[in-house]
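Mapping the sequence shown onto numbering that gives the first Met the number 0, position 144 (from 1) lands on 143, and the numbers just tick up by one. Structure first, then comments.
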Amino acid sequence: MNKRRKAEQSAPSQKPSSVSEALDADGFPMPDMSALALNLVQAATLGQKAARLMVGGDESESFGTALSDMRRIGKTMLDVATNYVKNPLKLVEAQAQLWNGYIDLVQSATRKLMGQDTVPVAEPSRADKRFKDPDWQNNIVFDLLKQSYLISSRWLDQQVQSTEGVDEHTRKKAEFYVKQFANALSPSNFLLTNPEVLRTTLKSNGENLVLGMQHLLEDVERGHGKLQIQQTDMKAFQLGRNIALTPGKVVFQNELIQLLQYEPTTEKAHKRPLLIFPPWINKYYILDLTPEKSFVKWAVAEGFTVFVASWVNPDPQLALKTFEDYMIDGAYAALDAVEKATGEKEVNAIGYCIGGTLLASALAHMAAKGDKRIKSATFFATQVDFTEAGDLQVFIDEEQLAGLERQMEAHGGVLEGSAMAQTFNMLRSNELIWSYVVNNYLLGREPVPFDLLYWNADATRMPAKLHIYYLRECYLKNHLAEGRMKLGGETLDLSKISIPIYLQSSREDHIAPYNSVYKATRLFGGPVKFIVAGSGHIAGVINPPSAKKYQYWTNDARPKLADEWLAEAEEHPGSWWPDWHDWLKPLSGPMVPARKPGDGKLPVLEDAPGSYVMVKSDD
């Protein structure tokens, strides 16, 4: 029997609907105290069981990693604090600034108690969903909690940003750590200081906490002693059944990729095929979610013969695969296969995120070798210059890379999928961690089915040599942008890439910020079109025209800075996909009879989405 169902059956039979409708002076329901007490005991018992599993699952490797993290965080924060100790005047000014904020809050609260109209001293941003419950505004106690928290957390962030005498990398790390601490300590994360949780607990006599602790226990058991928060109903989706549905076939495979060719939906298609390299962090079907969101389906309907590389989910047997192997057995092998499948030597290519970094590297290598098979390249949220890379820079220095190498060695030479997923979740911890702590564990609710979060949780492993090379060469040393990266016996020079380039970026992307993507406009040697889309790293890319969401900006000028470019750019409503289509269409050749998988020299191996994408990281 499902454990969550057991919890529901073992909880007291009284349901929230039967709770007394009596309300206290603040409008909160009055519980049945005996039922509440029984449920609190049961919730505590389940929570203790989960805690024991977490302690029992804390192997020496995990303990050592945690200890190393604590030391690094402590040293970083000490470096920041030391600079304030050395400057007592600045410390006094900072303390005065904080106290002034609290004094303003007390005065505002006093006026509010007297019935006067007041303007909040501190308000959450419109994107902050933690304080949406009306009691965060209407109840004086919760309003004080909220505003005092916002004053304190913003003050801490400001002090780190204004710290003098520390290098920029240390400052960025301190900002990140302070943000994580502040997010964790938000009053929205605790039972007694979150009005919605408190109201739900009183109304249901604590049944929400029983269900929540059962959810917690399940997540710890699934993680074998480590907490794996469930962000969506993982049983609600099945590849090929209600996600990754675009009809196609696997027409080629080797150790690293399966190549998918999609069935045409038009009588004629452009002569030049379209070859897509998704990131190997997560899986290719981000480009083929539901039919309404599928970039692949849309591109096929626009008359393109679409091929997509589906990367293997590597196990320790592939631990020695390198970045060069991914170029040769990934990019080059896919080009060869497309030619055999269609008879066409020339293709247009797309690279997404790290798949785009690989594509740029391959293009530079091809330029050095005189290989001209790729006639245009599109980059989705791709960095090639990493001097101003996104928040992932916080995790990248020689000390942390050494620790990462030890971690991967302990797991057979691969980075476990859960490790990368945890890193990405921390970059947006309020949305991807704490909101689910509140929903799943405090409110006792099941996570809702969401295809994007299913994809996000379907993490992949990475070979150690590949991953460390990428982080060190690109993020740490920036050798690709500086023309000092070597692959396949060639030194890579991006300026030798003379084909037309389309650079897509997203305004709220924290992984590949648009200002970082923009730097590539000065690195490639051919004509470059740069656009900025609304939203972030995923939604900014996966934005079909039918959704009529967001916007994008264009500007033919090339000022030095991306912010200057954006300030003078023209805003367009909706999806950027039609703009890309208008750019690519003249580069795609005349229309020819549409080609079907198996028509050429490559036989069909199996139906899309293929077997590589089915491999789970916990298998």
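Ideal placement from N, C-alpha and C gives every residue a C-beta, glycine not left out.
When the Cα atoms are used, H571 and K547 turn out to be separated by approximately 11 angstroms. The DSSP-derived three-state label of D134 is helix. Shown here for K518: same chain residues with a beta carbon closer than 6 angstroms to its own, the five before and five after excluded, namely D384 in chain order.
DSSP, read as helix, strand or coil, puts L258 in strand. Separation of the CB atoms of L470 and Y325 is rounded to 14 angstroms, and the pair is thereby denied contact status at 8 angstroms. The closest CA to that of G482, considering only L475, L491 and I139, is found on L491. Taken in chain order, the complete alpha helix (DSSP H) segments of 4 residues or longer contained in the segment 169 to 204 are 194 to 202.
Listed in chain order, the alpha helix (DSSP H) runs fully inside the segment 456 to 510 are 463 to 469 and 478 to 481, counting runs of at least 4 residues. By the neighbour-count criterion, in which a residue is buried when 16 or more other Cβ atoms sit within 10 angstroms of its Cβ, E254 is exposed.
With 16 or more other CB atoms across the displayed protein chains lying within 10 angstroms of its CB, L357 is buried.
For the set T289, N241, Y453 and L334, the Cα lying nearest the Cα of M233 is the one of Y453. Minimum Cα-Cα distance from R71 among the listed residues K172, N137, A121 and L604 corresponds to K172. Rounded to whole angstroms, the Cβ separation of A333 and L274 is 6 angstroms, and the two are in contact under 8 angstroms. Apart from the 5 residues on each side of it in sequence, E569 sits with its Cβ closer than 8 angstroms to the Cβ of W552, T553 and N554 in its chain, given in chain order. Counting along the chain, S375 sits inside the beta strand (DSSP E) bounded by residues I373 to F379. Per DSSP, the unbroken beta strand (DSSP E) holding F276 starts and ends at L273 to F276. Going by DSSP, K48 is part of no beta strand (DSSP E) but of the alpha helix (DSSP H) stretching over M32 to G55. Residues G487 of the same chain have their beta carbon placed closer than 8 angstroms to that of I327, with the five preceding and five following residues left out of the count.
Approximately 7 angstroms separates the beta-carbon atoms of M461 and W279; this is inside 8 angstroms, confirming the contact. Only residues of its own chain outside the window of five on either side were considered, and among them V196, L197, T200, L208 and L441 have a CB closer than 8 angstroms to the CB of L190, listed in chain order. Beta-bridge partners of M590 (DSSP): H269. Contact between the segment 364 to 378 and the segment 279 to 293 is not established, with fewer than three Cβ pairs separated by less than 8 angstroms.
Taken atom to atom, the span from the alpha-carbon of L184 to that of G573 is near 37 angstroms.
Of the candidates S107, S124, P123 and R125, S107 places its Cα closest to the Cα of T117. Short of 8 angstroms from the beta carbon of T162, and not among the five residues preceding or following it, lie these beta carbons of its own chain, in chain order: V79, N82, Y83, R170 and A173. Cβ contact annotation for H509 (same chain, cutoff 8 angstroms, sequence separation greater than five): G389, D390, L426, R427, G535 and H536, in chain order. When the alpha-carbon of L414 is set against those of N455, A300 and N312, the nearest one is in N312. Straight-line measurement puts the Cα of S151 at about 38 angstroms from the Cα of I285.
Taking C-alpha positions only, N439 is separated from Q230 by approximately 9 angstroms.
Exposure of V105 is indicated by the presence of fewer than 16 other C-beta atoms within 10 angstroms of its C-beta. Between S417 and Q227, the gap from beta carbon to beta carbon is short of 8 angstroms. As DSSP reads the structure, L238 sits in a beta bridge with I242. Partner residues in the beta bridge of F529, as assigned by DSSP, are L502. Between A318 and G402, the gap from beta carbon to beta carbon reaches 8 angstroms or more.
The beta carbon of L238 sits closer than 8 angstroms to the beta carbons of Y284, P608, V612 and M613 from its chain, once the five residues preceding and following it are set aside; these are given in chain order. Shown here, A126 sits in coil according to DSSP, grouped into three states, outside any helix or strand.
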